[in-house]
Each structure stands twice: as C-alpha cells, then as structure tokens.
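*Asks:* Residue numbers for the sequence shown follow the working numbering, so the first one is 769 and each next one is one higher.
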Amino acid sequence: MKKLLRLAVLIMCITWLLALFGCGKEKPHMLDGPGMEYQSPWTSFSISRTDSNTQYSFWFEVTETDDGAALIGECQDENGMSYETEVGIPISGEDLWALRWMNFDQLPEEEPWPEDLERPTDMANITLAITLRDGTVEEKSASSDLSIKIYELLLPYLKNN
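1) In the DSSP assignment, find the alpha helix (DSSP H) that holds G861 and state where it starts and stops.
2) Taking I759 and A837 to be in contact with their CB atoms under 8 Å, please state how far apart those CB atoms are, rounded to whole angstroms.
3) Spell out the partners DSSP gives Q874 in its beta bridges.
4) With burial defined as no fewer than 16 other Cβ atoms inside 10 Å of the residue's Cβ, what is the status of I894: buried or exposed?
5) May I ask which residues mark the beginning and end of the alpha helix (DSSP H) holding E832?
6) So, using beta-carbon positions, are E883 and E907 closer together than 8 Å?
7) Whose CA, out of D835, M849, T904, F813, lies closest to the CA of N871?
8) Bridge partners for Q844 per DSSP, in chain order?
9) Excluding the five sequence neighbours on either side, which residues of its own chain have a C-beta within less than 8 Å of the C-beta of Q807, listed in chain order?
10) Taking only three categories from DSSP, how would you classify A892?
11) With H, G and I counted as helix, E and B as strand and the rest as coil, what does DSSP make of L839?
Here is the structure:
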C-alpha cells in the first residue's frame, strides 16, 4: 500500500512539474498571418489640459506616420521648466503601443458642461480629440488619471529634445 501511495504522489508531482513548465499546453494561435497588419483605430490624437497646477497644464498632439509616430506639444515639468516643440519628435514603438492600449476610441463621447452651472475654477479642463482612419474627428471624455498617464509618457520626449 505504501509503495502504491508513493507511486501516486510521484506521478502527481511529475504531472504538476510538467504542467508548470509548459508540457501539455496548447500552442498559441497565430494572430497575424502573411499580409496581415494591425491597423490602429486612430491616426492621430490631441490632448490638452488646463489645471490650477501649472505643471499639469499641457497640450500634446501625436500623429502616426509611415515610420511610426511623431509628437508636438507644450508642457512644464515639476521644476517649472517649460518645453515646447512644433517639429515632430519621433516616438518609440513601445510608447506608441502604450498609447494604443489606452483605447481612446472606446472612451465615452465628451458631454458638454451644463450651461446653467459654472465650472469650478480649480477643476481641470481636459480635451481629448482623436482622428479616426476615415478622417472623422471625435471628442472623447478623458479622466484626470488618463491625462496624467499620457503626460508622464510624453514629457521625456520634450525634455530630451
């Protein structure tokens, strides 16, 4: 009986190790085949933010090109240094994918501020506009967190330009 129990435990351990290190797993499906290429839903986007904290008052525009993407914009860093460029700065493929994964096209449409209410003076005003592949421009509702993520991603490009 002890030999049978030991054998069962040994088989279970070997099975667990094989499963842990990949034996028996399905091969991943091929996502892109010959002639297939990912098409981003947007060709460009622009984001602007005005805030009571001048560090977080900025505007950026990213436009996809044949070679990748280019950035223009204006912003300040935490030390109050201003950065501005009107010449497109190339963006790395990794950062372009990070922007694509933010799924701007899936954000809700921007809703206008009610006319009968005054906008609080200390409230950030964020505008995000994306240009779709067909040339349509859509204004989207961007959260404060999303705008800060974009700022933190793109600020180094302007600082290092």
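Think of the CB as a built atom: it goes at the ideal place given N, C-alpha and C, for glycine as much as any other residue. Keep in mind it's a predicted model, so treat the numbers as computed, not measured.
*Replies:* Working from what's here:
1) Within the sequence shown, residue 861 is the residue found at index 93, counting from 1. Where G861 is concerned, the enclosing alpha helix (DSSP H) stretches over 861–868.
2) A question about residue 759 goes unanswered here, because the residues of the chain that appear run from 769 up to 929.
3) Taking the sequence shown and counting its residues from 1, the one referred to as residue 874 is at position 106. Answer by DSSP bridge pairing: none, since Q874 is not bridged.
4) Translated into the one-based positions of the sequence shown, residue 894 becomes position 126. Answer is buried; the Cβ neighbour count reaches 16.
5) In the sequence shown, residue 832 corresponds to position 64, counting from 1. That residue, E832, is in no alpha helix (DSSP H); its beta strand (DSSP E) goes 826–833.
6) Position 115 of the sequence shown holds residue 883. Position 139 of the sequence shown holds residue 907. By the CB criterion at 8 Å, E883 and E907 fall outside the cutoff.
7) Here residue 871 refers to the residue found at position 103 when the sequence shown is read from its first residue. Minimum Cα distance to N871 is reached at F813.
8) Looking up residue 844 in the sequence shown gives position 76. Partner(s): S850.
9) Here residue 807 refers to the residue found at position 39 when the sequence shown is read from its first residue. Here the set comprises R901.
10) Taking the first residue of the sequence shown as position 1, residue 892 is located at position 124. In this structure, DSSP gives A892 a state outside helix and strand, which the three-state scheme calls coil.
11) Counting from 1 along the sequence shown, the entry for residue 839 is found at position 71. Under the three-state reduction of DSSP, L839 is assigned to strand.
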